[in-house]
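**Q**
In the numbering used here, the protein residues as written are 33 to 998.
Now the structure itself:
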C-alpha cells in the first residue's frame, strides 16, 4: 500500500486546549488539522473534523493480527474478529447467568476435542458441543450487536484482519457518539464467546472460498519465500486447515486479555463532531480500560539477505502469471520514501517504465509494480501475465529488465517530479473523504509512525534525486535478491475442502431483546433533520452549444476537476465499442506518439478513461484544474486524430483472445457471465458481445470510424470542479472537438427475461464451493409509489447483518460466508422489478441452502422487534445521508432515467415512518411469495445432487461459450 503524503512543511507541536482538560498533539500545516490524544491508560485517539455531512467514520484499530497468532491455533486473530460481533454480558443474551455455565462447558469440551485424535471420539465430543450449543442458543440473542448498530443508524458495519492489525469500522450519525462509544467500550472490554461452533462454520466457508482464489495462494507463497523466519511467511491470516479443525476458546480469551488493551489500540474518527465533546465521551467509556504493562513484543529471527533467487510455484484453475518480490525495511524506515517513488517510476498506470515499455508496447498481457509497507518488513512487488505463447520466464526477464533500467539510471528524471505531483492530486482527492481520513490514522498507528513524519513525507520526497533512486534500487532491488512465484494452471494438489462437522441450526430468538438494546433505543438524541437533493439549487444545467447539455456542480473543496462526456449508446447498439476504446488507448496522433500522450498527461497530473456499458458509454478526463485545458486538448486530439496502426491492432486482437480465455478460468468472472445470461438471455449476450470471428475481421478503419461516429452524436457533459460555468463553457468551445451538427441518439434499455416457469441453469466450474443465484422477473414496471414498501422490505429481509437472510443463512445455519436476497429495483422507468437471492456455499450444502431460501422467502419470518430495528435504522440513515459533490450529478441522471425530477428518498422518508410489519408482510405477499425462478448454479456438476435439482425444474447445462458470448 502506498503511504500517504501531505502538502506543506510541518513542525510537531504540543498544544493544550484552553477549554478542555485533555492535552493533544497537532502538527503545524496539517491540512486535516489532526488532533492526537493519548489517554492515561495509553489509548490513542486520532481526530479530524469534516462537517460536510452529519456523519462520522469511526475505526477502532488493534495492533494485533495474524502474525501474533499462537502457532498451535493459527487464524485466531481472524476468528476472534468474527467473535467480537457476538455480544457481551449485557447484550447478545437474555440471561447471561443462565448462559454462562453452558458456555464454560463448551469451552472445556473444545479443549478436550482439540487434543483428541480418535475420529469416533471427536465426533462424539462434537455432538455434545453441538447439543449444549443449541441449548445455549435458546438464551442467546444472535446479531444483537448488529441490531444495536442498526438502531443508531450506523452504515458499513464491518471489520478486517491482516497480518498486522484488526480494525473495526462503523459510519455513524453525528448525534449518536455517546451510544456508539458505550456499545464499543462494552464489547472491547467484555466480549463473550458465544455461537462459537456456528461461526466456525462460517470461517470454514471463508477458508474454502480462499482455496479457489489463486491471488491469495500467490501472496501467501510469496510471503513464505521472503520471510522464512517471520510470521509473515510462517503462518497465514486465515490459518491452517488443521488449526481451524481444532480451535481453542481458551486461547481466544487469553488472546483478548493480552492484546485488546488500551495501550495497544487507537480510536480513529473523522467527520462532524466537536473534538472536546468527542474526547470526553471516549474517555468516559474507554478511560477505565486497564493497560497491559507486559504487552508481548513479537520475537523473530532477522531474515538473512537473499543472495540467489528463491523460486516457488503454486497451482490453481486461474490463468498463469508470475510474481517477484524483494524484501524492504520496516514502514518507519524513511528509505521507503524512495520505494514509493521507484514504484511510480516503474508503474503508475500511465507513464512508468512498465506502462510504456511493456504494457503500451504490448510485450506482455499485463504487468505492474509497487512498494508495500508493513510494520516489520516491506515488500516490493512486480508481477505480469503472459501473452499467447509466451512463457512465464519470458515475462520474468522483461520485468527484470525494467528493474535493471532503474538500477542503471535509464529513466527520465522528470518522472520523479511528475510522481510527486500525482501524489499531491491523489491526496487532495482522499483528504476530501471523511472515511479516508480515518483510515490514514489507522495505518499511521499500526505502522508505529509519528504523525509528524507522515506529514513531512512529501517534503522529503521533493528532495529525492535521481541518484538517490539509483542508489536505493541497487541496494534493495538487486538482480539476485528476489523471490519468484510461478502461478501455473492446473489442479492444486494441496487443495482440501474443510469438511465441517454437522451442526444443529441454533435458535434465532428474533423477538428477544436485551435491556441494553432497549436502553439504547430509548436514549434521547437531538434529531438530525434530513436534507434531500434539490436539483434546481444543488447543481446547474445549461447548453454549451446545440446538442451538448452540461450538468454542472462546483467543487468547493479542492482544485481537482472531472469532466465526463456521456453518450446514450453502448454495446447493445455496437458490441465493438469497447474494442474501439481499448484500441484508441494504444494509439498516437500525427504530432504525439502514444508514449508522449501518456507522459504528458502524467506530467500535468491528469488522466483519462473510456468505457462502454450496454446502453451508455462515457469518456472522462480528471486531474488538476489548472491543467484542464491542456488535458482536453491532448484527449481531444487523440479522439479526432488517432493514427491507425495495424500491428498494434493485430496484437490487441491476440491479447483480447488470451484475456477472454483467461476469464473463463476465473470463478467470479464465470459467475458474472452466468448471471448476465440468467437475467437477459443468450440473445442479449450475442448482441452485446463481439464474437471471436468478428473480432478477427475488425479493421482499424472501422474502429476509428466508430469513435468519429460517436463524437457526432448528441451527448451530455458532466462537470465537477472549481471552474465557473462561464469558464467551463469556454473550455468546451475551445477544446471539445465535435462536428457542428450533432445527431440525436435514441435511448434503448435491455429488459429482464420473463420467468413464466421455473428452470435450472448449470455451468461447470471445478471447485469445492459453488456460487448460486435464483432470479425472478416480477413482471411489473417501475412505480415510484412502491419505493417505501420495497425499501423497507429489503431492509428487513436482506439488508445487512441484522436481516432475516443473514440470521438464517449464516448465523443460525452456518451455510455461508456471504448470502443475500432482495427485490431488484429497475434502472430505467420502462424496466421490470426482479428478485434475487445469492449464496456461496459448499457443494454438499446446496440442497440445504436452496431449501432454506425457499422457506424464508415464501414464508417470511415475522418479528416485531427485528422490524422496528430495521425501520429505525433506515429512518436514521435517511436523516443523515447526504448526496454531495459529483454524486449530485449522477443522482440527477438516475432520477431522470426513472422519469423523476425529485430525490426519491424524500417520499421514502415521509411514508416509512408510519409503516408497520404488516406493510412489509403485504409487500412480501405482493412482490415475492410463490414466484417462479431461474436457479443458476456455477459448480462442479458431477459433485452436485442432480436428482434434487430436477425437482426445481428442467435442467439446462450452459457452456462457457454461451454465457460469455465467445
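Beta carbons: idealized from backbone N, C-alpha and C, even for Gly.
Measuring only the C-alpha atoms, how far is residue 353 from residue 939?
**A** A direct Cα-Cα distance of roughly 51 angstroms separates residue 353 from residue 939.
**Q** If we ignore side chains and look at the alpha-carbon of each, how far apart do residue 287 and residue 519 end up?
**A** 35 angstroms
**Q** Measuring only the C-alpha atoms, how far is residue 997 from residue 609?
**A** Approximately 16 angstroms, taken between the alpha carbons.
**Q** Between the region 67-85 and the region 293-310, do three or more beta carbon pairs fall short of 8 angstroms?
**A** yes
**Q** Quick check on DSSP: helix, strand or coil for residue 700?
**A** helix
**Q** Along the chain, where does the alpha helix (DSSP H) that runs through residue 158 open and close?
**A** 151-169
**Q** Using the C-alpha atoms, what's the distance from residue 357 back to residue 253?
**A** 11 angstroms
**Q** Report the three-state DSSP secondary structure of residue 356 (helix, strand or coil).
**A** strand
**Q** In whole angstroms, what separates the C-alpha of residue 603 from that of residue 272?
**A** 45 angstroms
**Q** Over the uninterrupted alpha helix (DSSP H) stretch that includes residue 146, give me the two end residues.
**A** 128-146
**Q** Please give the ranges of any beta strand (DSSP E) in the region 481-544, keeping only runs that are unbroken, at least 3 residues long and fully inside the region.
**A** 514-521
**Q** Since residue 302 contacts residue 146 with CB under 8 angstroms, what's their CB separation in whole angstroms?
**A** Not confirmed; about 42 angstroms, so no contact.
**Q** Expressed to the nearest angstrom, what Euclidean distance is found between the alpha-carbon atoms of residue 968 and residue 431?
**A** Answer to the nearest angstrom: the Cα atoms are 41 angstroms apart.
**Q** Among the candidates 691, 945, 600 and 620, whose CA atom is the shortest distance from the CA of residue 782?
**A** 600
**Q** Can you tell me whether residue 980 is buried or exposed? The criterion is at least 16 other CB atoms within 10 Å of its CB, across all chains shown.
**A** exposed
**Q** Quick one: complete beta strand (DSSP E) runs, 3+ long, within the region 542-619?
**A** Fully enclosed beta strand (DSSP E) runs of 3 or longer: 572-577, 580-586 and 592-599.
**Q** Quick one: give me the first and last residue of the alpha helix (DSSP H) that residue 478 is part of.
**A** 466-478
**Q** Could you give the first and the last residue of the continuous beta strand (DSSP E) run that contains residue 782?
**A** Segment: none, residue 782 is in no beta strand (DSSP E) and carries neither H nor E.
**Q** Could you pull out every residue in the same chain whose Cβ sits closer than 8 angstroms to the Cβ of residue 209, ignoring the five residues on either side in sequence?
**A** Non-local beta-carbon contacts of residue 209 in its own chain, meaning distances under 8 angstroms to residues more than five positions away in sequence, involve 88, 305, 309, 310 and 313 in chain order.
**Q** Quick check: the Cα distance between residue 984 and residue 792, rounded to an integer number of angstroms?
**A** Using only the alpha carbons, I get a separation of about 7 angstroms.
**Q** Between residue 525 and residue 127, what straight-line distance do the alpha-carbon atoms span, to the nearest angstrom?
**A** 48 angstroms
**Q** Name the two residues that bound the continuous alpha helix (DSSP H) containing residue 975.
**A** Looking at the DSSP string, residue 975 is not in any alpha helix (DSSP H), and its letter there is neither H nor E.
**Q** Please report the residue range of the beta strand (DSSP E) in which residue 794 lies.
**A** 791-796
**Q** Kindly indicate which three-state DSSP category residue 968 falls into: helix, strand or coil?
**A** DSSP places residue 968 in the strand class (E or B) of the three-state scheme.
**Q** Determine the extent of the beta strand (DSSP E) in which residue 435 is found, giving its start and end residues.
**A** That residue, residue 435, is in no beta strand (DSSP E); its alpha helix (DSSP H) goes 424-440.
**Q** Suppose the cutoff is 7 angstroms on Cβ atoms and the five residues either side in sequence are ignored; what does the same chain contact list for residue 407 look like?
**A** 196, 362, 363, 478, 479 and 480
**Q** Would you give the residue range spanned by the beta strand (DSSP E) that residue 802 belongs to?
**A** 801-813
**Q** With a threshold of 16 other CB atoms inside 10 Å of the CB of residue 298, please say whether the residue is buried or exposed.
**A** buried
**Q** Does the beta-carbon of residue 823 have 16 or more other beta-carbons within 10 angstroms, so that it is buried, or is it exposed?
**A** Its Cβ being crowded by 16 or more others within 10 Å, residue 823 is buried.
**Q** Which whole-angstrom value describes the C-beta separation of residue 372 and residue 492, a residue pair presumed to lie in contact below a C-beta threshold of 8 angstroms?
**A** Their Cβ separation, rounded to whole angstroms, is 10 angstroms, which puts residue 372 and residue 492 out of contact at 8 angstroms.
**Q** Would you call the CB atoms of residue 212 and residue 120 closer than 9 angstroms?
**A** no
**Q** Do you know whose CA, among 184, 200 and 165, lies nearest residue 94's CA?
**A** 200
**Q** Evaluate residue 42 with the Cβ neighbour count: other Cβ atoms within 10 Å of its Cβ, from every protein chain shown; 16 or more gives buried, anything less gives exposed.
**A** Any reading at residue 42 is ruled out, since the residue's pLDDT is 35, under 50, leaving its predicted position unreliable.
**Q** Going along the chain, which unbroken runs of the alpha helix (DSSP H) with 4 or more residues stay wholly within the region 300-379?
**A** 307-318 and 368-378
**Q** Span of the alpha helix (DSSP H) holding residue 996?
**A** Element bounds for residue 996: 992-996.
**Q** Using the three-state DSSP reduction, which class does residue 647 fall into: helix, strand or coil?
**A** coil
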